[in-house]
Amino acid sequence: MVILVTTNINNDAQVSGTAIMGGTFDPVHNGHLRTAVEILDRFHYSSLKLVPCFQPVHKGRPSVTPEQRLEMTRLAISSDVRLGVDTREIQREGPSYSIDTLRDIRSEIGVSEPLIMVLGMDSFLSLPTWHDWQALIQYAHLLVVSRPGWEPDLISELSAFCENYRAGSPHELQCAPSGRVWFETLTPLGISSSMIRALARKNEAIAYLLPEPVQHYIEQHQLYR
Numbered sequence: 001m002v003i004l005v006t007t008n009i010n011n012d013a014q015v016s017g018t019a020i021m022g023g024t025f026d027p028v029h030n031g032h033l034r035t036a037v038e039i040l041d042r043f044h045y046s047s048l049k050l051v052p053c054f055q056p057v058h059k060g061r062p063s064v065t066p067e068q069r070l071e072m073t074r075l076a077i078s079s080d081v082r083l084g085v086d087t088r089e090i091q092r093e094g095p096s097y098s099i100d101t102l103r104d105i106r107s108e109i110g111v112s113e114p115l116i117m118v119l120g121m122d123s124f125l126s127l128p129t130w131h132d133w134q135a136l137i138q139y140a141h142l143l144v145v146s147r148p149g150w151e152p153d154l155i156s157e158l159s160a161f162c163e164n165y166r167a168g169s170p171h172e173l174q175c176a177p178s179g180r181v182w183f184e185t186l187t188p189l190g191i192s193s194s195m196i197r198a199l200a201r202k203n204e205a206i207a208y209l210l211p212e213p214v215q216h217y218i219e220q221h222q223l224y225r
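Residue numbers in the sequence shown follow full-length UniProt numbering, run continuously in steps of one, and reach 225 at the last position.
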């Protein structure tokens, strides 16, 4: 069983570390952004970068182009200077493997800076299906977010993985460059990209589910119709 906690790091100073959050972002929505800003507020990283994938490995091909998803992501974060977009997976093309991205970033930031990969509980539970998944922890910490009250039972592979790498406190993510898993509960928002696509397909309102510039972009280009 995974025990989920809410962190309260009593430190207003920014801490060192590179934080990233990957995804298809088809489209990016307020749930993604809320996760990003709560991570920044609780863990005091100076920035967090969203990493749109070119081609998701475990999902069907998106109905809009990688360039359109990238542009929507850029529009979504334009009002918050703490958020950025990392385009390496779009530029790399082909299937997007997280291990390749982490290796690239680690080579850029050096061996000593903490690298934190933020991922949702659904993604974490699917880790054993990822390419070279057990090597992820060699390059980054895994910060797994979930909604309050959800305590999933882990399959044996993940249970052993957590037993080996689980952090005793969130401070451990600041004290080492990689190698720890931390579970964090965040504010739940019942929003999904598939919901937004379905609403757009039926020509129903998508306002307030995603940033206004993204809404306008979808409507202007008639995406998901």
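The C-beta atom is built at its ideal place from N, Cα and C for all residues, glycine as well.
Own chain residues within Cβ distance below 7 Å of residue 99, not counting five before or after: Within the same chain, residue 99 has close Cβ partners 131, 132, 135 and 136.
If you drop the 5 nearest sequence neighbours on each side, which residues of the same chain put their C-beta closer than 6 Å to that of residue 223? Within its own chain, the residues whose Cβ lies closer than 6 Å to the Cβ of residue 223, once the five positions on either side in sequence are excluded, are 64, listed in chain order.
Quick check on the DSSP output: the alpha helix (DSSP H) that includes residue 73 runs from which residue to which? Run containing residue 73: 66–77, per the alpha helix (DSSP H) assignment.
Given a cut-off of 7 Å on the beta-carbon distance, is the pair residue 45 and residue 19 in contact? Contact: yes.
When the cut-off is 7 Å and only beta carbons count, does residue 223 lie next to chain C? Checking the listed chains, one finds no chain C in this structure; it contains a single protein chain.
Does the segment 69–85 touch the segment 109–126, meaning 3 or more C-beta pairs lie closer than 8 Å? Put simply, the segment 109–126 does not touch the segment 69–85. Fewer than three CB pairs are less than 8 Å apart.
Who are the Cβ neighbours of residue 179 in its own chain at under 8 Å, not counting the five residues just before and after it? Within the same chain, residue 179 has close Cβ partners 137, 138, 141 and 165.
CA-to-CA distance, residue 29 to residue 211, given in whole angstroms: Whole-angstrom Cα-Cα distance: 7 Å.
DSSP on residue 205, reduced to helix/strand/coil? Three-state DSSP puts residue 205 in coil, outside helix and strand.
Classify residue 25 as helix, strand or coil using the three-state DSSP reduction. Looking at residue 25 - three-state DSSP - the assignment turns out to be coil, as it is neither helix nor strand.
What ranges does the alpha helix (DSSP H) occupy inside the segment 97–148, keeping only unbroken runs of at least 4 residues that lie completely in it? DSSP assignment within the segment 97–148 yields the following whole alpha helix (DSSP H) runs of 4 residues or more, N-terminal first: 98–109, 121–125 and 136–139.
Residue 175: buried (16+ other C-beta within 10 angstroms of its C-beta) or exposed? Exposed, because fewer than 16 other Cβ atoms sit within 10 Å of the Cβ of residue 175.
Do residue 173 and residue 145 count as a contact pair if the criterion is CB distance below 7 Å? At the C-beta level, residue 145 and residue 173 stay beyond 7 Å of one another.
Looking only at its own chain, which residues have a Cβ that is under 7 Å from the Cβ of residue 59, when we skip the five neighbours before and after it? Cβ neighbours of residue 59 beyond the five flanking positions: 24.
Taking the beta carbon of residue 208 as the centre, do at least 16 other beta carbons fall within 10 Å, making it buried, or is it exposed? Looking at its Cβ environment, which holds fewer than 16 other Cβ atoms inside 10 Å, residue 208 is exposed.
Check whether the Cβ atoms of residue 177 and residue 114 lie closer than 7 Å to each other. Using a Cβ distance threshold of 7 Å, residue 177 and residue 114 count as a contacting pair.
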